[in-house]
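**Student:** Sharing a structure below in C-alpha cells format, with a few things to ask.
See the structure below:
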C-alpha cells in the first residue's frame, strides 16, 4: 500500500515517539530510521516489515555531521529514485536534572548538540530534498520537530536541557516562516507528559492512572499508534491550513 | 454510516469554519447547527442531507441565554436518546477596527457577548452532556473553540475584539484543566489568516496567491473539507495524547 | 515638593497595590483616589496629607460609567488647572474560585465588569487627558494596569476571573500599540504572588517565610513603599525605552 | 559616593547597553568591564573615572572559559575584599541574517557560544559570588541578562541568532527559579528596538524620528543614562517584588 516512490526519515527512534512516528508513516511511505545504535532500530525495522511496510535502519549519531552526511549517501543507494516526503527530528539528549552549580559545561554541550546543532545538520540535509518534493508529494513535504515542556519553560534544575529545547524551537519557528511560503510544512510538537524521554520511563506519571502517560504502544482497533496520529495529521494538513505548533499531553497531566 | 446515537453541535455556522466543521462531523454524527438566522444554516443542512447525513438547524442567538436553553430543549425532542459527542463554539461577533477613542462601550460589549459570555452559556449547557458521554462516546467527548490571531495579540485598533478573544481563550484553558482529567477534551484553535471572519471576506489575502486563504470550500478527492480536518483530528485524539491549543494558517501567511 | 500642576489618579485603592501606588505618586503629584467606598481611601488620604502631600478621595464604582464621569467632573473642580500625569487602573473584582458548573453568569459578569469594562471607561476618560500632557508632563504620561497570574494562565477553577484579566491585558496591549507612538506610556504589571487581591490576605504564602508576600507595607529607610517602586519606575521611563509588560513576584514564589 | 566594598561586573561592554549599565552602576559600585578588546572598554573606564567612579577593564572573550577564569583571578587582586553586588551579561555575537541553506554551522556555533555557552560560564563564576553577598549587599545581588526580540520570536532568516537568544532566556528562567529563593535576583531584559546590537547602528529606525532608537547616550538632567535605568531598577527591587522579565523598546517601535 505504501508508495515506494516517497520516503520518510525519522532521526532518533530509540524513544517512544520516534518508533511510533516511524510505524505510522510506514503505512504510506518507505521509512528510514536513524539512531546511534542498531539496537534502537532493529526491532522497529522488523515490525514494519512484518506489517508489509518498507524500512531501513542506519546507524548515525545525529550530532555528528559526517555521519549524517554518510547516512544520506546510503539512502540514495538504498532507495534509488525515492523522494523525501517527511522528516521527523526526534533526537533527545543532554538531559540533566541537577543544581546549576553542579552542571558541567559538557552537559550543556550535550543538550545543544542533540537539539539545535543536530537539528541544524538534519534540516540542512532534508530541506533541499523536501523542497524538491513540493510539486509532487502526496502531502506538503514536512519537517516535524519533537519538543518538550522544556521547550517553553526553563524550570529550576533543568537549565541545560531547556537551553537546547528552547533553541530547537527557535530554529523551527524561523524555518517555518522561511520555508512555509515555499510549500514545506515545518511544525513543532510540544510533548508535555511522561514518555518518549529516556528519564520518563521510570516515572509513575499521574498516580499511575490508566492512560496517564503518552503511550507509544497504545493502538487503535486498526493498529494505529495513537501518539503518532498527531504527527501524521500535521503532515497531511493542506497548505491552506498549516499548524506551526501543537502541544500533546495525557488528559490527566497538570499544566 | 453516521451514528445516530451521537451528535455534534456547532454554534456559529454562518462563517466558513463553522460550516466546514458541521459537514466534517456529519460524516460520523448527527449534527445540530445553531445560528442567529435560518439563512445561515439552511443551505448547510441541505448539503449534509444530500450527502446522506443527518442535520438540523436551530435559530438561536448564542449570546441569549434563554434562546440557547430553548435550543437544547429542541434537541432533546428532535434527537431523542442521542448523546453529545462534540461541541464546537465558533461564534464571531463584536469585531470593530477603529481608534480606541472612537469605540463605543457597546462595541466592547458585543465582543464580550459573542466571546466569553456566549461561550460561558454554551459550555455550561454542553459540558454536563459531554461528561455524560465519556464512558461510551466513540472518541473522547470534545469541546472545541475557535480563536483568532486576536486571541494572543492585542493589536492597535483591535482592542475590543481582542478583549473578547483573549477572554474566550482564558475560559478554554481553565476548562481544559478542569475537565481534561474527567475525560472531556477542551481545545482551542487559533485561526490566523484570512477567512471565517466576516470582515475577512473582502480581503485579498497574501497577494491573492493560490491557497493564500484558509479555504472552507477546498475539498480533497474524497470530499473532505480541509480546514475542518484539524477540528476532527482534535476530536479523535486519544486521551493519552490531548492537544490543548493549535494554530492554523495558510502557508504564505506572515506571522 | 510635589508639583500641584500635575496629578495622578488611582482607581481601586482598597487593595495593597493601589494604596502603595497612591502614596508613591503623591511624592511627585497630587493624587486622586477612586474607590467604591470612602472607607477604602479615607485613611490613605490622611496618610498622604500627613506626609505633606496632596490627595483627594472620590467615591465611584469603576464599573459604573456615570459615576466615573461624575468623578472626573469633581476632579476638574477640585484640581483646577492641574493636568493628568499618570493613571493607574488597579480595580479587582469578580474573583470566584469554584467548579465551572457551579459558576453563575453573574460571576463572569462581575469579572468582566471589573476588568475590561471598567478599564475601558477609565481609559476613555484618561487617555485624552494623558495625550494633553505629552508636551509638558515631567515624565511620559502613563496609563498603568494591574494584572495577575490569571492574566496569562487560565487555571482550573479560575475561569471567570481569568477571562476578565486576559481581556484587560488584551486592551492594555492594544492601547500600548496605539498610544505609545503618541507619547503615552501604557504598561501592564503581572502581580504574581500573595497580595493586593482581597482573597490573598488570608493565605499564608510560601510557608510564611519573611518577604514571602508582596508587601505593600514594606518601606525603605526613606519611606518608599517597595511594591510601588516598579510602578513609579514604569512612569519615569524615557520614551526611548518603554516597557510594556513586567512581572512582579516575591523571591520565593513558585512560577 | 560609590561603595568600594561592592562591585558590579558587566560582560560585553562594546555595545550601547553594556556601556550604559556600567556607567549607571558605577554611581554605586566599583565596576569591572569585560570585553574582547581594550578598545571596547578604555573610553568607558576613563569616563567613569572622570565622573569620580572606580572602574577597571579586563580583556576576555566571554566564550573562552579560561579567559573568564583568569579575569576573575584578576578581579580578586585588583579589588581585594570587594564583594559582587551585580553581574550583567550583555554579550552579543553570532548574528547572521541569511537564508538557512546558506548558513554555516560555524554561524550557529558563534551564536550558541555568545549566548548560552558564554552565559553558562559567566553564571557559574558569578553565582557563588552573588550568593555570598546575599546577607550584606545593599540590594539583592543580581544577575541581569540582555535579550532581544530574537529571544522570543524565531523570525525568518534569523534562525541561528534566535537559537542562541532563546537558549539564553531558558537558562535565565531556570536560574531565576533556582536562585531567587536563595535571595539572588535573576532577570532578563528583552531589548526590542534599534540599538545595542552591532547591526542596528546602521538602521534608520522608525523613520528617523526623535528617540526612535533606544539611546544609550541620552541622559537626564542629572546625567543618568536612560536605557540603564531599567537595569538599575531591576537591581534595586526588593526581594518581596522581583521582576523576572521586562521588555524595553522605543515608544514608536512596532511590536
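Protein chains in written order, with our numbering: chain A, 8 to 262; chain B, 8 to 262; chain C, 8 to 262; chain D, 8 to 262. Think of the CB as a built atom: it goes at the ideal place given N, C-alpha and C, for glycine as much as any other residue.
(1) Going by DSSP, which residues form a beta bridge with residue 254 of chain B?
(2) Three-state secondary structure (DSSP) at residue 7 of chain D?
(3) Based on the DSSP output, what are the partners of residue 96 of chain B in its beta bridges?
(4) Could you give the DSSP three-state label for residue 82 of chain B: helix, strand or coil?
(5) Report the residue from B/241, B/235, B/248 and B/233 whose alpha carbon sits nearest the alpha carbon of residue 217 of chain A.
(6) Is the Cβ of residue 112 of chain B closer than 8 Å to any Cβ of chain C?
(7) From the DSSP output, read off the bridge partner residues of residue 48 of chain A.
(8) Run the CB neighbour count on residue 64 of chain D, radius 10 Å, all protein chains shown included, and call it buried at 16 or more, exposed below.
(9) Taking just the CA atoms, how far does residue 110 of chain D sit from residue 261 of chain C?
(10) List the residues of chain C that residue 218 of chain D touches, going by C-beta distances under 7 Å, in chain order.
(11) Determine, using beta carbons only, whether residue 3 of chain D comes closer than 8 Å to chain A.
(12) Assuming residue 55 of chain D and residue 33 of chain D make a contact with CB atoms under 8 Å, what is their CB distance in whole Å?
(13) Chain A partners of residue 131 of chain D, CB-CB under 7 Å?
(14) Going by beta carbon distance, what residues of the same chain come within less than 7 Å of residue 153 of chain A, once the five residues before and after it are set aside?
(15) Exposed or buried, residue 200 of chain B, counting other C-beta atoms within 10 Å across all chains shown (16 or more means buried)?
(16) From residue 254 of chain C to residue 146 of chain A, what does the alpha carbon distance come to, in whole angstroms?
(17) Bridge partners of residue 91 of chain B, per DSSP?
(18) When the cut-off is 8 Å and only beta carbons count, does residue 259 of chain A lie next to chain B?
(19) Quick one: what does DSSP say residue 228 of chain C is sitting in, helix, strand or coil?
(20) Rounded C-beta distance between residue 234 of chain D and residue 27 of chain D? I'm assuming under 8 Å.
(21) Straight-line CA distance for residue 139 of chain B to residue 237 of chain A?
(22) Can you say whether residue 279 of chain C is buried or exposed, counting buried as having 16 or more other CB atoms within 10 angstroms of its CB?
(23) Measure the C-alpha to C-alpha separation of residue 79 of chain C and residue 41 of chain C and round it to an integer number of angstroms.
(24) Name the DSSP bridge partner or partners of residue 38 of chain B?
(25) Taking the alpha-carbon positions, what's the residue 188 of chain A to residue 43 of chain A distance?
(26) Rank A/129, A/167, A/137 and A/83 by C-alpha distance to the C-alpha of residue 106 of chain A and give the top, closest one.
(27) Rounded to a whole number of angstroms, what is the C-alpha to C-alpha distance between residue 102 of chain A and residue 159 of chain A?
(28) Do residue 122 of chain D and residue 181 of chain A have their C-beta atoms closer together than 8 Å?
(29) Here's a check: name, in chain order, each residue in its chain whose Cβ is nearer than 8 Å to the Cβ of residue 194 of chain C, leaving out the five neighbours to either side.
(30) According to DSSP, which residues form a beta bridge with residue 192 of chain A?
(31) Determine, for residue 184 of chain A, whether the minimum Cβ-Cβ distance to residues of chain D falls below 8 Å.
(32) What do you reckon, are the CB atoms on residue 171 of chain D and residue 58 of chain A nearer than 8 Å?
(33) When you compare the CB of residue 98 of chain A with every CB in chain B, is at least one pair closer than 8 Å?
(34) Is the CB of residue 17 of chain C under 8 Å away from at least one CB in chain D?
(35) Is DSSP giving residue 165 of chain C helix, strand or coil here?
(36) Residue 124 of chain C touches chain B at which residues, Cβ-Cβ below 7 Å?
**Tutor:** Judging by the given coordinates:
(1) B/197
(2) With chain D covering only 8 through 262, there is no way to say anything about residue 7 of chain D.
(3) B/18 and B/152
(4) helix
(5) B/248
(6) yes
(7) Residue 48 of chain A is not bridged to any residue.
(8) buried
(9) 40 Å
(10) 246 and 247
(11) The structure shown does not extend to residue 3 of chain D, since chain D spans only 8 to 262, so no value can be given for it.
(12) So it is a contact: roughly 4 Å between Cβ atoms.
(13) 108
(14) So the qualifying residues of the chain are 24, 96, 97, 196 and 198.
(15) buried
(16) 43 Å
(17) B/14
(18) So yes, residue 259 of chain A belongs to the interface.
(19) Because residue 228 of chain C carries a pLDDT of 47, less than 50, the predicted location of this residue cannot be relied on, and no value is offered for it.
(20) 5 Å
(21) In a straight line, the C-alpha of residue 139 of chain B is about 26 Å away from that of residue 237 of chain A.
(22) With chain C covering 8 to 262 only, the question about residue 279 of chain C has no answer from this structure.
(23) 10 Å
(24) B/15 and B/62
(25) 34 Å
(26) Of A/129, A/167, A/137 and A/83, the residue nearest in Cα terms is A/167.
(27) Rounded to whole angstroms, residue 102 of chain A to residue 159 of chain A spans 15 Å at the Cα level.
(28) no
(29) Residues 149, 150, 151, 152, 179, 183, 241, 249, 250, 251, 252 and 253 of the same chain have their beta carbon placed closer than 8 Å to that of residue 194 of chain C, with the five preceding and five following residues left out of the count.
(30) A/149
(31) Interface residue, yes.
(32) Pairing residue 171 of chain D with residue 58 of chain A gives a Cβ-Cβ distance that is not under 8 Å.
(33) no
(34) no
(35) coil
(36) 115
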